[in-house]
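Okay, so here's the structure we're looking at.
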Amino acid sequence: MKTEIKKPSYEVLCEAAELIKKGEVVAIPTETVYGLAADAYNPDACAKIFKAKGRPQDNPLIIHICDLDMLKNSVKEIPPLALTLAEHFWSGSLTMIFPKKDIVPDTTSGGLDTVAVRMPDNEDTLNLIKMCGVP
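Residues 1 to 135 (full-length UniProt numbering) make up the sequence shown, in order.
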(Lines of atoms letter the chains of each structure in order from A; the text may use other names.)
(Lines give C-alpha, C1' and ligand atoms only; values in the text may rest on other atoms or scores of the structure.)
Protein backbone atom coordinates (compact mmCIF):
# COMPACT_ATOMS: atom_id res chain seq x y z
CA MET A 1 0.00 0.00 0.00
CA LYS A 2 1.35 3.40 -0.96
CA THR A 3 0.83 6.30 1.41
CA GLU A 4 0.77 9.78 -0.01
CA ILE A 5 1.11 12.68 2.39
CA LYS A 6 0.02 16.02 1.02
CA LYS A 7 0.53 19.47 2.46
CA PRO A 8 -2.82 20.58 3.88
CA SER A 9 -4.50 23.57 2.34
CA TYR A 10 -5.38 26.69 4.28
CA GLU A 11 -9.01 25.56 4.23
CA VAL A 12 -8.11 22.21 5.80
CA LEU A 13 -6.15 23.97 8.55
CA CYS A 14 -9.13 26.28 9.18
CA GLU A 15 -11.44 23.29 9.44
CA ALA A 16 -9.08 21.53 11.86
CA ALA A 17 -8.82 24.69 13.97
CA GLU A 18 -12.60 25.00 14.17
CA LEU A 19 -12.90 21.35 15.23
CA ILE A 20 -10.32 21.86 17.97
CA LYS A 21 -12.10 25.02 19.17
CA LYS A 22 -15.31 22.96 19.41
CA GLY A 23 -13.62 20.38 21.65
CA GLU A 24 -12.94 17.78 18.98
CA VAL A 25 -9.77 15.80 18.27
CA VAL A 26 -7.77 15.91 15.02
CA ALA A 27 -4.69 14.09 13.73
CA ILE A 28 -1.67 16.31 13.05
CA PRO A 29 1.94 15.91 11.95
CA THR A 30 4.82 16.85 14.22
CA GLU A 31 8.52 16.71 13.47
CA THR A 32 8.68 13.03 14.45
CA VAL A 33 5.25 11.36 14.25
CA TYR A 34 1.58 11.98 13.66
CA GLY A 35 -0.41 12.54 16.81
CA LEU A 36 -3.84 13.40 18.11
CA ALA A 37 -4.46 17.02 18.99
CA ALA A 38 -7.07 18.83 21.04
CA ASP A 39 -7.40 22.04 23.03
CA ALA A 40 -4.98 21.45 25.92
CA TYR A 41 -7.05 23.78 28.13
CA ASN A 42 -10.26 21.78 27.57
CA PRO A 43 -10.40 18.75 29.90
CA ASP A 44 -13.24 17.10 27.97
CA ALA A 45 -11.34 17.40 24.69
CA CYS A 46 -8.18 15.96 26.24
CA ALA A 47 -10.19 13.11 27.76
CA LYS A 48 -11.14 12.16 24.19
CA ILE A 49 -7.44 11.69 23.37
CA PHE A 50 -6.97 9.41 26.37
CA LYS A 51 -10.03 7.38 25.36
CA ALA A 52 -9.07 7.13 21.67
CA LYS A 53 -5.55 5.95 22.50
CA GLY A 54 -6.48 3.79 25.47
CA ARG A 55 -3.95 5.91 27.36
CA PRO A 56 -3.82 5.68 31.16
CA GLN A 57 -5.20 8.84 32.82
CA ASP A 58 -1.98 9.27 34.82
CA ASN A 59 0.18 9.40 31.66
CA PRO A 60 0.31 13.15 30.92
CA LEU A 61 -0.03 14.69 27.49
CA ILE A 62 2.58 16.99 25.96
CA ILE A 63 1.18 20.38 25.08
CA HIS A 64 2.39 21.90 21.82
CA ILE A 65 2.86 25.66 21.58
CA CYS A 66 3.56 28.02 18.69
CA ASP A 67 5.41 30.79 20.53
CA LEU A 68 6.80 31.87 23.89
CA ASP A 69 3.66 33.87 24.72
CA MET A 70 1.70 30.62 24.68
CA LEU A 71 4.31 29.11 26.99
CA LYS A 72 3.98 32.07 29.39
CA ASN A 73 0.19 31.63 29.43
CA SER A 74 0.53 27.94 30.36
CA VAL A 75 3.32 27.78 32.95
CA LYS A 76 4.02 29.49 36.27
CA GLU A 77 7.68 30.21 35.67
CA ILE A 78 10.29 29.90 32.95
CA PRO A 79 13.82 29.54 34.29
CA PRO A 80 16.55 31.40 32.36
CA LEU A 81 18.13 28.09 31.33
CA ALA A 82 14.82 26.99 29.79
CA LEU A 83 14.70 30.19 27.71
CA THR A 84 18.24 29.55 26.52
CA LEU A 85 17.34 25.98 25.56
CA ALA A 86 14.18 27.19 23.80
CA GLU A 87 16.18 29.73 21.78
CA HIS A 88 18.58 27.02 20.60
CA PHE A 89 16.33 23.97 20.16
CA TRP A 90 12.78 25.20 19.46
CA SER A 91 11.13 24.68 17.20
CA GLY A 92 12.15 21.04 17.42
CA SER A 93 11.82 17.80 19.34
CA LEU A 94 12.95 19.16 22.73
CA THR A 95 10.30 18.71 25.42
CA MET A 96 10.65 20.68 28.66
CA ILE A 97 8.70 20.30 31.90
CA PHE A 98 7.45 23.32 33.84
CA PRO A 99 5.17 24.01 36.82
CA LYS A 100 1.75 24.46 35.24
CA LYS A 101 -0.75 27.27 35.67
CA ASP A 102 -4.31 26.42 36.66
CA ILE A 103 -5.43 26.99 33.06
CA VAL A 104 -3.84 23.61 32.23
CA PRO A 105 -6.34 21.07 33.58
CA ASP A 106 -5.33 18.02 35.59
CA THR A 107 -6.72 15.87 32.77
CA THR A 108 -4.01 17.21 30.47
CA SER A 109 -1.19 16.92 33.02
CA GLY A 110 -2.16 13.48 34.29
CA GLY A 111 -2.89 14.99 37.70
CA LEU A 112 0.61 16.42 38.06
CA ASP A 113 1.52 19.98 39.05
CA THR A 114 3.79 20.14 36.01
CA VAL A 115 3.24 20.12 32.27
CA ALA A 116 5.41 18.91 29.40
CA VAL A 117 5.77 21.49 26.61
CA ARG A 118 7.15 21.29 23.09
CA MET A 119 7.23 23.63 20.09
CA PRO A 120 6.97 21.35 17.04
CA ASP A 121 9.17 21.85 14.00
CA ASN A 122 6.35 21.56 11.50
CA GLU A 123 5.07 24.68 9.76
CA ASP A 124 1.52 23.40 9.30
CA THR A 125 1.24 22.31 12.92
CA LEU A 126 2.59 25.65 14.16
CA ASN A 127 0.08 27.47 11.94
CA LEU A 128 -2.75 25.28 13.26
CA ILE A 129 -1.79 26.00 16.87
CA LYS A 130 -1.66 29.72 16.08
CA MET A 131 -5.09 29.54 14.41
CA CYS A 132 -6.54 27.80 17.48
CA GLY A 133 -5.02 30.30 19.89
CA VAL A 134 -4.42 27.56 22.47
CA PRO A 135 -1.89 24.77 22.88
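Glycine is no exception: its CB is placed at the ideal position from the N, C-alpha and C atoms. Remember, it's a predicted structure, so these values are computed and weren't measured experimentally.
DSSP state of Ile28, grouped into three classes? As a working note, residue 28 is residue 28 in the sequence shown. The answer is strand: DSSP assigns Ile28 an E or B state.
Touching by the beta-carbon criterion (3+ pairs, under 8 Å), the region 18-33 and the region 69-88: no
Straight-line gap, Pro99 to Pro43 (C-alpha atoms, nearest Å): In the sequence shown, residue 99 corresponds to position 99, counting from 1. In the sequence shown, residue 43 corresponds to position 43, counting from 1. So the alpha carbons of these two residues sit roughly 18 Å apart.
For Thr114 and Leu128, I'd like the C-alpha separation in whole angstroms. Mapped onto the sequence shown, residue 114 falls at position 114. Mapped onto the sequence shown, residue 128 falls at position 128. Each residue's alpha carbon lies about 24 Å from the other.
Selection from Ser74, Glu123, Met96 and Leu68 that minimises the alpha carbon distance to Ser9: Residue numbering aside, residue 9 sits at position 9 when the sequence shown is read from its first letter. For Ser9, the nearest C-alpha among the options comes from Glu123.
What span of residues does the alpha helix (DSSP H) with Val104 cover, start to end? The sequence position of residue 104 within the sequence shown is 104, counting from 1. Val104 -> no alpha helix (DSSP H), and no H or E assigned at all.
When DSSP labels each residue in this structure, what does Met70 get in the three-state scheme? Taking the sequence shown and counting its residues from 1, the one referred to as residue 70 is at position 70. Correct three-state label for Met70: helix.
Endpoints, alpha helix (DSSP H) assigned at Ile129: Working through the sequence shown from its first residue, we reach residue 129 at position 129. Segment Glu123 to Cys132, the alpha helix (DSSP H) holding Ile129.
Among the candidates Gly110, Cys132, Val134 and Met119, whose CA atom is the shortest distance from the CA of Gln57? For the purposes of this step, residue 57 is identified with residue 57 of the sequence shown, where counting begins at 1. Here the closest residue by C-alpha is Gly110.
With a CB to CB cut of under 8 Å and the five nearest residues on each side skipped, what residues in its chain are close to Glu77? Sequence index remark: in the sequence shown, residue 77 carries index 77 (1-based). So the qualifying residues of the chain are Phe98 and Pro99.
What do you get for Ser91, buried or exposed, if any count of 16 or more other CB atoms within 10 angstroms of its CB means buried? To locate residue 91, count along the sequence shown from 1; it is residue 91. Label assigned to Ser91: buried.
DSSP three-state label for Leu85, please. Residue numbering aside, residue 85 sits at position 85 when the sequence shown is read from its first letter. Residue state, collapsed to three classes: helix.
In three-state terms, what does DSSP make of Lys22? Position 22 of the sequence shown, counted from the first residue, corresponds to residue 22. Here Lys22 sits in coil by DSSP.
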